[in-house]
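Trainee:
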Amino acid sequence: MTLLEAIAARHSVRTYEDRPLDPAVRNSLLRHISEAADEGGLNIQLVEDDPSAFTGFLAHYGKFRGVRDYITLSGQKADDLDERVGYYGERIVLEAQRLGLNTCWVVLTYTRHDDRIHLSPGERLRCVISVGYGTTQGHGHRIKTYDRVARPAREEAPDWFVRGVDAALLAPTAVNQQQFHFRLNPDGSVTARARLGFYARIDLGIVKLHFEISAQPHKVIWQ
Ligand SMILES: Cc1cc2nc3c(=O)[nH]c(=O)nc-3n(C[C@H](O)[C@H](O)[C@H](O)COP(=O)(O)O)c2cc1C
């Protein structure tokens, strides 16, 4: 599965089979986690066999079932922390999809277990991603129209820009808010902005990754 195929196949999955990660899959996942943490300057951990983080009232409200394993995303306070969490977290999500796993980003509907997360002084836990073998592959979400999230119009934009916007619209966003906007500038660079919304800067990092992958071979210059 290519990264493009992973973008199309990924949906949030909240119900998992009760089984540990296959050892080879686990090793690959840990490698992707460590690369993303290094490149993103983040503290990213795989927490295994901690089902009670997803069995309380909040998880029930979020409709989670059978979560054993999850990934925590933390970092030192910084203006761009949430955007990096989104960008590098989604890289792990897409690699997990290629490994045959399913995921769901989670900010609210889990119980924080500080004894399972190792934070250095000053580090903040921003969110987690449930990971495992889904009982289903999930389903597509409601998608905003191109015109609500991008300029110039589809007919006037180069193919790579349209591909990027379409892939951003497939991305996970908090409460499926899709509060982002892409603008192609006269010099060929792209401005991506988060609009007002709940955890919208994590969303921004996620959608920028989808945009970059799908615009290839064009190399996006962010403004
Ligand atoms: C930053 C972020 C936080 C999220 N938090 C939660 C959450 O707390 N509980 C939950 O059930 N889903 C959560 N989601 C999943 C979104 O609801 C989901 O991505 C969105 O509805 C789109 O559906 P899809 O991922 O299947 O495409 C979150 C997603 C993102 C990106």
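For reference, each letter of the sequence shown is one residue, going 445 to 667 in the numbering used here. Where a beta carbon is used, it is the ideal one built from N, C-alpha and C, also for glycine.
(1) Might you give, ordered along the chain, the residues of its own chain that have their beta carbon closer than 6 Å to the beta carbon of ARG598, omitting 5 neighbours on each side?
(2) Measure from the alpha carbon of ILE657 to the alpha carbon of each residue in LEU614, ASN629, ARG637, then state which is nearest.
(3) With a threshold of 7 Å, establish whether the CB of VAL619 neighbours any heavy atom of ligand 1.
(4) Can you check whether the CB of ARG463 is closer than 8 Å to the CB of GLY519?
(5) Consult DSSP for TYR531 and reduce its assignment to one of helix, strand or coil.
(6) When the Cα of LEU525 is compared with those of VAL664, LYS663, PRO661, TYR643, which residue comes out closest?
(7) How far does the alpha helix (DSSP H) with TRP666 in it reach, from first residue to last?
(8) Taking 7 Å as the cut-off, is the C-beta of LEU552 nearer than that to any heavy atom in ligand 1?
(9) With a CB to CB cut of under 6 Å and the five nearest residues on each side skipped, what residues in its chain are close to GLU492?
(10) DSSP has GLN489 in a bridge; who is on the other side?
(11) What is the DSSP secondary structure of TYR505, counted as helix, strand or coil?
(12) Using DSSP bridges, identify the partner residues of GLY544.
(13) Secondary structure at HIS562, three-state DSSP: helix, strand or coil?
(14) Under 7 Å from any heavy atom of ligand 1, does the C-beta of ARG458 make it?
(15) Report buried or exposed for ASP404, applying the criterion of at least 16 other Cβ atoms within 10 angstroms of its Cβ.
(16) Any heavy atom of ligand 1 closer than 7 Å to the beta-carbon of GLY506?
(17) Does GLU600 come out as helix, strand or coil in the three-state DSSP assignment?
(18) For HIS455, does the three-state DSSP call read helix, strand or coil?
(19) Can you look up SER633 in the DSSP assignment and give me helix, strand or coil?
(20) Closest to VAL572 by CA distance: which of GLY566, ARG560, SER564 is it?
(21) Rounded C-beta distance between TYR554 and PHE498? I'm assuming under 8 Å.
(22) Is PRO689 a contact residue of ligand 1, with contact defined as CB to any heavy atom under 7 Å?
(23) Can you find at least 3 beta carbon pairs, one from the region 528-546 and one from the region 446-455, that sit closer than 8 Å?
Mentor: With the structure as the only source:
(1) One-based indexing of the sequence shown puts residue 598 at position 154. Cβ neighbours of ARG598 beyond the five flanking positions: TYR590, VAL606.
(2) Here residue 657 refers to the residue found at position 213 of the sequence shown. Per the Cα distances, LEU614.
(3) Here residue 619 is taken as the residue at index 175 of the sequence shown, counted from 1. Yes, ligand 1 has a heavy atom inside 7 Å of this Cβ.
(4) For the purposes of this step, residue 519 is identified with residue 75 of the sequence shown, where counting begins at 1. For the purposes of this step, residue 463 is identified with residue 19 of the sequence shown, where counting begins at 1. Not in contact: GLY519 and ARG463 (Cβ atoms no closer than 8 Å).
(5) By one-based count along the sequence shown, residue 531 stands at place 87. DSSP places TYR531 in the helix class (H, G or I) of the three-state scheme.
(6) By 1-based counting over the sequence shown, the position of residue 525 is 81. Residue TYR643 is the option with its Cα nearest to LEU525.
(7) Within the sequence shown, the letter at position 222 stands for residue 666. Per DSSP, TRP666 belongs to no alpha helix (DSSP H) and is neither H nor E.
(8) Within the sequence shown, residue 552 is the residue found at index 108, counting from 1. Yes - ligand 1 has a heavy atom lying nearer than 7 Å to the Cβ of LEU552.
(9) The residue given as residue 492 occupies position 48 in the sequence shown. Contacts found: ASP513.
(10) In the sequence shown, residue 489 corresponds to position 45, counting from 1. Per the DSSP secondary-structure output, GLN489 pairs in a beta bridge with THR516.
(11) Counting from one through the sequence shown, the residue named residue 505 turns up at place 61. DSSP places TYR505 in helix when its eight states are reduced to three.
(12) For the purposes of this step, residue 544 is taken as the residue at position 100 of the sequence shown. The beta-bridge partner set that DSSP reports for GLY544 is empty.
(13) Position 118 of the sequence shown holds residue 562. Reduced to three states, the DSSP call for HIS562 is coil.
(14) Here residue 458 refers to the residue found at position 14 when the sequence shown is read from its first residue. Checking every heavy atom of ligand 1 against the Cβ of ARG458, one is found closer than 7 Å.
(15) This structure does not reach residue 404, given that the chain is present from 445 up to 667, and the question cannot be answered.
(16) Within the sequence shown, residue 506 is the residue found at index 62, counting from 1. Yes, the beta carbon of GLY506 sits closer than 7 Å to at least one heavy atom of ligand 1.
(17) The sequence position of residue 600 within the sequence shown is 156, counting from 1. Shown here, GLU600 sits in a helix according to DSSP, grouped into three states.
(18) For the purposes of this step, residue 455 is identified with residue 11 of the sequence shown, where counting begins at 1. Here HIS455 sits in coil by DSSP.
(19) Taking the sequence shown and counting its residues from 1, one reaches residue 633 at position 189. In the structure shown, SER633 sits in coil (DSSP, three-state: anything other than H, G, I, E or B).
(20) Looking up residue 572 in the sequence shown gives position 128. Residue ARG560 is the option with its Cα nearest to VAL572.
(21) Start at 1 with the first residue of the sequence shown, and residue 554 comes out as number 110. Start at 1 with the first residue of the sequence shown, and residue 498 comes out as number 54. About 6 Å separates the two Cβ atoms, so the contact holds.
(22) Look at the range of the chain in this structure, 445 to 667, and you will see that residue 689 is not part of it.
(23) yes
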